[in-house]
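**Q** In our numbering, the protein residues as written are 2 to 171.
Backbone N, C-alpha and C define an ideal beta-carbon position, used for all residues, glycine too.
Nothing here was measured: the structure is a model prediction, and the numbers come from that model.
Sending over a structure as structure tokens; questions will come in a sec.
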Amino acid sequence: MTSHDVEQLFLSAGDDLRRFLSRRIACPHTVSDLMQEAFLKLMGRQPAAEIRDPRGYLFRIASNLAINHGTRRRDLDALSSEPDSGPAADRSLRDDRTPERVVAGADRLRRVMEAIESLPSRCKEVFILYRFHHMNQTEIAAQLGISLSMVEKHVIRAMRACREARDGAQ
């Protein structure tokens, strides 16, 4: 999936995904974190075949993340050594997902997507084929009629731009 496809999926399914996760997770900040993580996992996946139903796949990822979150919460509750502290009192200590981290993560994702969009057209095309369509560099060179060396240079340039955008270096 291209970053544009993921963006379109976010626009079309974001509200439904938020409601879906909100029925399973009470904390709206955690819901936002899980949504972000689901979209990141979707963007970073490396399966052999294309996804036939991206929306369904996204909801499956989100469901698994919600299950994992619930399991972690139960484990943390079991390990809590302060019986007098209720779930509300311990929530901030046990949940490392803070509003600041949610905002920072969303900002990182936005910067990376902007970095991909701002790449020169051939570089962006190579990177999308490599990272999101999971083609190897030899296949990309053959498909685009460019040298393997040029494909490598484009991939390196794009990866560097994404890493710099993610880390906040501009």
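Considering only the beta carbon of each residue, do Ala39 and Leu59 sit closer than 8 Å?
**A** Contact: yes.
**Q** Between the alpha carbons of Ile52 and Leu41, how many angstroms are there, rounded?
**A** For Ile52 and Leu41, the distance between alpha carbons rounds to 15 Å.
**Q** List the endpoints of the continuous alpha helix (DSSP H) containing Ile157.
**A** Leu149 to Asp168 is the extent of the alpha helix (DSSP H) around Ile157.
**Q** Buried or exposed, going by whether 16 or more other CB atoms sit within 10 Å of the CB of Ile157?
**A** Its Cβ having fewer than 16 others within 10 Å, Ile157 is exposed.
**Q** Candidates Met44, Ala116 and Met36: which alpha carbon is nearest Met63's?
**A** Note that residue 63 is Ala in the sequence shown, not Met. Looking at the Cα atoms, Met36 is the closest of the given residues.
**Q** By the three-class DSSP mapping on this structure, what secondary structure does Pro121 have?
**A** In this structure, Pro121 counts as coil in the three-state DSSP scheme.
**Q** Under a three-way DSSP split, which group does Leu10 fall into?
**A** Three-state DSSP puts Leu10 in a helix.
**Q** Given a threshold of 16 other Cβ atoms within 10 Å of its Cβ, counted over all protein chains shown, does Val152 qualify as buried or as exposed?
**A** Val152 should be labelled buried.
**Q** Pick out whichever of Leu18, Ala27 and Val127 has its Cα sitting closest to the Cα of Ser150.
**A** Of the candidates Leu18, Ala27 and Val127, the one whose C-alpha sits nearest the C-alpha of Ser150 is Val127.
**Q** For Ser23, which residues of its own chain have a beta-carbon under 8 Å away from its beta-carbon, when the five flanking residues on both sides are left out?
**A** Here the set comprises Pro29 and Val32.
**Q** Can you round the beta-carbon distance between Ala166 and Arg112 to whole angstroms, since I take them to be within the 8 Å contact cut?
**A** Indeed, because the Cβ distance is near 4 Å, the residues count as touching under 8 Å.
**Q** I need the DSSP call for Ser86, collapsed to helix, strand or coil.
**A** Model confidence at Ser86 stands at a pLDDT of 48, short of 50, so the residue's coordinates are unreliable and nothing is read from them.
**Q** Are the beta-carbon atoms belonging to Ala14 and Arg56 less than 8 Å from one another?
**A** In this structure, Arg56 lies closer than 8 Å to Ala14 by Cβ.
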